[in-house]
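Below: one structure, written as structure tokens.
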DNA sequence: CTGAAAGCGCTAACAA
DNA sequence: TTGTTAGCGCTTTCAG
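Chains as they are written, first to last, in the numbering used here: chain C, 131 to 481; chain V, 131 to 481.
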């Protein structure tokens, strides 16, 4: 049996004033219009009875639930927990709760979950899902619900977004490889239906162009998922292309780890024979040998940034937030990159 | 400007019936008491207008928000995301949303967050925080709020809990080491204010007793956190004890990884010279060399189990759930354990 | 400064 | 089978 909760009415009865007075006395803003002595009496009674405001009831009345929805593809993906902590670090102290949902990058699920969140009356949504286009979130925004996207932008909309400077990251990495003397750099690209996969491939082409590195289309191979297995498969594909390369720039860390593993299986040493680079700087990378050279993106910071933008959207009547927030990235040079070998070891007969 | 939502009243106006009729027609249970034709008309109008029920309002009326609170120490800890997915996998299809909060294993935060969740009217709480005692969650349970704890039990209470069979895991691991010929097994224990730390240490003593392995108190050293750094520090402490050992059974994977790293730094080979074992089988372990021998616990399964128990607690008037659910664990033998060297390499002069 | 009253959107007795 | 009514707990006009 759920114990009855203390309500404003209980306090009103206890103190002999009207509920509306109690409501005012307990509201830090309205409190100033109440006699100090009365406020004190009410406060005391509230404390004594262990009063806790019912946010559901307040929400019904005010149309503000003090909760936000957070949509991510999959919480077990290592990059998302820090993002969530970042979001929480700004929202929680202000009294917001987050309802977190996993989309599994499934479009149907995504539209359904948006409805789920709206049904619960969230005051806003942070949308870190990564499908490249989705009308559902745009519709929610059009209906006036504050929305911020993370890691991606919704095309043809004025939904604010927070992204990491992928372009700069890829470019810095390619430059790093160039400085080590790598002339023939392969790219293992991510899934092209995910924004990061597509952005990083485009960035790779741009960077190559800027640095006057020739791009050999046969040295670009696209993974179907961001995981080690695909990294291994793509590396095998690169090898069997018969084209020479001395470095592999991968679209994320897991692809890179898979690639290094595949090299090892074939007796090819990273970084002595082939340099491999990642992207994201996911946790635990320090524990894996060779320590991966990668690009660190701000995960916690991205969460914070998105939350701050959402706050402004939710609270200001005239939002006036920047449409675009680009967070700087940082090159992290570790052990998986080394000077290019004098002679590329490929092509060579494969066992 | 938030676009006005369609309410029951709108549908009632549209179809010329009373709101309560609309409410019934849209409720799968009550629907059977309404003329089929009317139901159809109402359903059509609801669809046409894009009606979405307001769960806040319903919750206020029914005292059920269809949301549950989930308390964990820290979402960035690798073991929790799978647990959350497990919870979600049973609750989400039934229409429940989860409000996830991070306690950071801080007692004050923990009591505050329980209030936060109750203020939001959650129908129940799954509590995976790991402080060994806390009256706050017990109080919530006493007030009639359905509560299930995960990975730990609240002493002197009838709160149902789900735990992994730590005892069996530790025992199997110790037996595995014994079978490899290890006679002198050290233990790096986890923080003793966390239930897992304490349980596993107790299990280690029990197992040693059962298997007639002598326990040398100097070969038990306690970490202050479950991380690699502490694993390293504890290993150093073991070495400087001057006592011989050929294997280190660690209270979790991260401690084990830190220990192996510390061995490597000293030029000691794992597993040839010293075997090291972990606990949890956290993700990505396959990528780290030597691949860690560990005990796999059911994370997803634990989440599911806890959610199912909570469901029964929330829905049955006569709960009748088992107080204790113990999930089986599985020994995962990989590469960090090997036959004991003929002669223990310690003690020996330390550089 | 405080009280009265209305109402957020929905559900659930009770009536018809 | 449907309508009427009341009310969940709170905020917020409007009076006094």
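The C-beta atom is built at its ideal place from N, Cα and C for all residues, glycine as well.
Taking a 10 Å sphere around the C-beta of residue 200 of chain V, we find 16 or more other C-beta atoms and assign the residue as buried. The beta-carbon separation of residue 310 of chain V and residue 467 of chain V, rounded to 6 Å, stays under the 8 Å limit for a contact.
By the rule that beta-carbons nearer than 8 Å mark a contact, residue 251 of chain C touches chain V. Between residue 412 of chain C and residue 209 of chain C, the C-beta spacing is below 8 Å. For a cut-off of 8 Å, the C-beta gap from residue 461 of chain V to residue 306 of chain V is around 6 Å, short enough to register as a contact.
About 5 Å separates the beta carbon of residue 185 of chain C from that of residue 250 of chain V, a gap short enough to meet the 8 Å contact definition. By the CB criterion at 8 Å, residue 388 of chain C and residue 348 of chain C fall outside the cutoff.
Assignment of residue 190 of chain V by DSSP, reduced to helix, strand and coil, places it in the helix class.
Note that the stretch 389-402 of chain C does not touch the stretch 263-274 of chain C; fewer than 3 beta-carbon pairs, one per stretch, sit closer than 8 Å. Of all residues in the stretch 198-216 of chain V, only 205, 206, 211, 212, 214 and 215 come within less than 7 Å of chain C when Cβ atoms are compared, listed by chain position. Between residue 322 of chain C and the set C:289, C:345, C:350 and C:312, the nearest pair of CA atoms involves C:350. Taking C-beta atoms as the reference points, residue 299 of chain V and residue 168 of chain V fail to come closer than 8 Å. For residue 230 of chain C, the nearest CB of chain V lies under 8 Å from its own CB, placing it at the interface with that chain. Against residue 227 of chain C, the close residues of chain V are 229, 246 and 250, in the order they occur along the chain (beta-carbon pairs closer than 7 Å). Against chain V, the beta carbon of residue 195 of chain C has neighbours under 9 Å at 186 and 250, listed in chain order. For chain V, the residues of the stretch 396-425 of chain C that bring a beta carbon within less than 7 Å of one of its beta carbons are 414, 417, 418 and 419, in chain order. Flagged as an interface residue toward chain C: residue 274 of chain V, by a C-beta distance shorter than 8 Å. For residue 465 of chain C, the closest Cβ of chain V is not nearer than 8 Å.
Listed by position along chain V, the residues whose Cβ is nearer than 7 Å to that of residue 182 of chain C are 245, 248 and 249. By alpha-carbon distance to residue 140 of chain C, the top candidate from C:155, C:133, C:176 and C:294 is C:176. By the CB criterion at 8 Å, residue 455 of chain V and residue 435 of chain V fall inside the cutoff. At a cut-off of 8 Å between beta carbons, residue 218 of chain C contacts chain V.
For residue 438 of chain C, there is no enclosing beta strand (DSSP E); the residue is part of the alpha helix (DSSP H) that begins and ends at 429-445. At a Cβ-Cβ threshold of 8 Å, residue 445 of chain V and residue 427 of chain V do not count as neighbours.
Not a single CB atom of chain V sits nearer than 8 Å to the CB of residue 254 of chain C. When C-alpha distances from residue 430 of chain C are compared across C:213, C:332, C:384 and C:285, the shortest belongs to C:213.
Under the 8 Å criterion on CB atoms, residue 365 of chain C is classed as non-interfacial with respect to chain V. Each of V:197, V:440 and V:271 was checked against the Cα of residue 284 of chain V, and the nearest Cα belongs to V:271. Interface residue (Cβ-Cβ distance to chain V less than 8 Å): residue 138 of chain C is not classified as such. Under the DSSP assignment, residue 394 of chain V falls in the alpha helix (DSSP H) whose first and last residues are 383-395. With its beta carbon at least 8 Å from every one in chain C, residue 269 of chain V lies outside the interface. When V:215, V:422, V:470 and V:341 are compared, the shortest CA-CA separation from residue 386 of chain V is found for V:422. Residue 342 of chain C and residue 325 of chain C have their C-alpha atoms spaced approximately 25 Å apart.
The beta carbons of residue 457 of chain C and residue 292 of chain C sit closer together than 8 Å.
Bounds of the alpha helix (DSSP H) holding residue 153 of chain C are 149-156.
One thing to note: residue 257 of chain V has its Cβ within 8 Å of the Cβ of residue 277 of chain V.
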